[in-house]
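Under our numbering, the first residue of the sequence shown is numbered 1006, with each subsequent residue one higher. Glycine included, C-beta positions come from ideal geometry on N, C-alpha and C. Structure first, commentary second.
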Amino acid sequence: MLKLGNRFMKFIDLESQQQRIRPALDRRIATVLAHGQYILGPEVMELEQVLAAYVGVHHCITMASGTDALLAALMALDVGPGDEVITTGFSFIATAEVIALLGAKPVYVDIDPHTFNLDPDQLTAAVNHRTKALLPVSLYGQCADFTHINALADEWALPVIEDGAQSFGATQHGRRSCGLSTVGCTSFFPSKPLGCYGDGGAIFTDDAQLADTLRTIRNHGQSQRYYHTRLGINGRLDTLQAAILLEKIAIFPDEVERRNLIAQRYIEHLIQVPDITLPVIQPDNTSVFGQFTLRVKNREFVLQSLQRAGIPTAVHYPQPMYRQPALLDESICLPECERAAQEVLSLPFHPYMDEADIVRVVDALILAVAGN
Ligand SMILES: *Cc1c(COP(=O)(O)O)cnc(C)c1O
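This is how it looks when you write it as structure tokens:
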């Protein structure tokens, strides 16, 4: 049956997913309400085991958010005033925010225009004796180039923290995002590839000592009840969110497959269209398409045309982080970050889109770009 052309188009459809697993979610939630261990309950431990196995590392520490995951990772690595942490100029604010919050200096490196990820060739010039850690982001669902990043980190004996908030489920050389470096952080914000029904996040590592430190930091630096050996945060994931994630991770591999099929359809429809630059996935990578983001010229015009056609869009992100008032550094200008901020446009994308949805977006986009 044909879908109505004017059916409401969602940027991300969390309802279809919920319908699919609603009875299982209800059972999980009822179990938590019955046992009443809302903080660090059994579902949290169960989820940590499932997630660690999925990523292929020894330790998973669930966190209250992706931001807390990044913050705790930097705290565990003793990042503080006087230190520099090298990251990309082009990401969600949280990436650089956590560095600045700890009194350290974010040092921004330009991106590779094809992958939107930190350009490893430019890392070399940014490293010096003040560098305390590298914090690459795996933007839009594709991992940064960890082969090169880890090689440079080894030379300087630096830890590497992956901001995998958008890339959970992606792979590089067959290994999963968040398991590619010293420590990997992700987010379970509802709209991320694996999302819960509130805020959530997780940290992954093979380093047992680091894992212990992270668990302590997550819980106010507490070693035993009301004994606090260091400063920490309240960074725990709620048991209810862990319960929800246990049902969502069960269907996640299928959703990752669907995400790839849908991205493939978008690419097939759009590959011949002039004035659209499609996302490039490197041969060693698989993406989870945390966003389906492409480049257009004259983006404002395209955005307005799509809005008139009832197609929701987003711009991830309209400014490099160093241009945000909170982090403003006018001495920095990274040309590829600046250009990306002017050109990127994210299309509706979720695992429950059908061909009619895809065609509707594609048709509207082609018209919008041609009207330029
Ligand atoms: C979403 C996101 C974060 C922060 O995650 P929260 O769970 O919202 O705190 C950090 N980095 C990137 C790249 C993100 O997309």
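- Taking the Cβ of Phe1097 as the reference point, at least one heavy atom of ligand 1 falls within a distance shorter than 8 Å.
- Judged by their CB atoms, Gln1022 and Gly1146 are not nearer to each other than the 9 Å cut-off.
- In this chain, the beta strand (DSSP E) harbouring Pro1111 covers Lys1110 to Val1114.
- Non-local C-beta neighbours of Arg1241 in its own chain, meaning closer than 8 Å and more than five positions away in sequence, comprise Ile1044, Leu1045, Val1049, Thr1067, Met1068, Ala1069, Arg1223 and Asn1224, ordered along the chain.
- By the Cβ criterion, the region 1278-1292 is in contact with the region 1145-1159, since at least three pairs of Cβ atoms, one from each stretch, lie closer than 8 Å.
- With distances taken between CA atoms, Gly1061 lies nearest to Gln1177 out of Arg1270, Ile1256 and Gln1177.
- In the three-state reduction of the DSSP assignment, Lys1015 falls in the coil class.
- In this chain, the beta strand (DSSP E) harbouring Ser1351 covers Val1349 to Leu1352.
- Ile1316 sits in coil when the DSSP states are folded into three classes, being neither helix nor strand.
- The shortest CA-to-CA distance from Thr1218 to any of Val1366, Met1326 and Ala1077 is the one to Ala1077.
- Counting only runs of 4+ residues, the alpha helix (DSSP H) found wholly inside the region 1176-1242 occupies 1213-1223, in chain order.
- Exposed is the label assigned to Cys1338, since fewer than 16 other Cβ atoms lie within 10 Å of its Cβ.
- Here Leu1185 is buried, its C-beta having at least 16 other C-beta atoms within 10 Å.
- Measuring C-alpha to C-alpha distances from Pro1323 to each of Gln1309, Glu1341, Gln1347 and Pro1317 identifies Gln1347 as the nearest.
- For the region 1075-1124, the full-length beta strand (DSSP E) segments reaching 3 residues or more read 1089-1093 and 1110-1114 along the chain.
- Per DSSP, Met1050 lies in no beta strand (DSSP E); the unbroken alpha helix (DSSP H) holding it starts and ends at Pro1047 to Val1060.
- Across the structure, Ala1375 and Thr1187 are spaced so that their CA atoms are roughly 46 Å apart.
- Looking at the backbone, the Cα of Gly1189 and that of Pro1047 are separated by about 23 Å.
- Within the model, the alpha-carbon separation for Ile1098 versus Pro1164 is close to 21 Å.
- Pro1028 and Cys1201 have their alpha carbons spaced roughly 16 Å apart.
- Exposure of Thr1234 is indicated by the presence of fewer than 16 other C-beta atoms within 10 angstroms of its C-beta.
- Apart from the 5 residues on each side of it in sequence, Ser1351 sits with its Cβ closer than 6 Å to the Cβ of Gln1296, Thr1298, Ala1319 and His1321 in its chain, given in chain order.
- Taken atom to atom, the span from the alpha-carbon of Phe1095 to that of Met1326 is near 6 Å.
- For Thr1100, the distance from the CB to the nearest heavy atom of ligand 1 is below 8 Å.
- Taking each of Leu1106, Asp1211, Glu1305 and Cys1342 in turn and checking the Cα distance to Val1084, the smallest one comes out for Leu1106.
- In this structure, the C-beta of Gln1177 stays at least 8 Å away from each heavy atom of ligand 1.
- From the listed residues Asp1088, Pro1118 and Ile1281, the smallest Cα separation to Asn1133 is found for Asp1088.
- Per DSSP, reduced to three states, the secondary structure at Phe1294 is coil, with no helix or strand assignment.
- Residue burial annotation: Thr1129 is exposed, with fewer than 16 other C-beta atoms found within 10 angstroms of its C-beta.
- Secondary structure at Ile1166: strand, using DSSP grouped into helix, strand and coil.
- Under the criterion of beta carbons closer than 8 Å, Gly1174 and Phe1257 qualify as touching, at roughly 6 Å.
- Within the region 1239-1284, the runs of alpha helix (DSSP H) that reach at least 4 residues and sit entirely inside it are, in chain order, 1244-1275.
- Collapsing the DSSP output to three states places Cys1342 in a helix.
- Ala1149 sits in coil when the DSSP states are folded into three classes, being neither helix nor strand.
- Distance from the CA atom of Pro1353 to the CA atom of Leu1052, rounded to whole angstroms, is 29 Å.
- In the displayed model, Arg1027 falls within a helix according to three-state DSSP.
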